[in-house]
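First the structure, in the form of structure tokens, and then the observations on it.
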């Protein structure tokens with residue numbers, strides 16, 4: 001069962017084309033240490049979560065986002081100088 005997501009417009013003509021090139025995307029993958037094993041685990045997680053209630057998935061997503069923000073926030077502070085990290 002595929003559920004439509006409100007306001008999800010990927011692939012529609014109204015969505016601007018990404019300025020990110022294939023080369024830039026591959027550099028981004030390297031930066032976040034993306035691996036084939038990680039992709040497989042994300043697919044597996046998607047299969048597991050597909051049967052979950054929306055609220056449970058939202059709670060897990062919120063927790064994940066908070067963990068990412070906590071890791072990124074220190075690097076975005078104005079007092080951080082090149083080479084300090």
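Residue numbers (my numbering): 1 to 85.
Ideal Cβ positions, reconstructed from N, Cα and C, are used throughout, including at glycine.
Would residue i and residue j qualify as a contact pair, given that the criterion is a beta-carbon distance under 9 Å?
{"i": "residue 15", "j": "residue 21", "result": "no"}
{"i": "residue 33", "j": "residue 49", "result": "no"}
Ends of the alpha helix (DSSP H) at residue i?
{"i": "residue 24", "result": "22-31"}
{"i": "residue 61", "result": "54-72"}
{"i": "residue 41", "result": "36-49"}
Mind checking whether the beta-carbon of residue i lies closer than 8 Å to any heavy atom of the ligand ATP?
{"i": "residue 47", "result": "No copy of the ligand ATP appears in this structure; indeed no ligand is present at all."}
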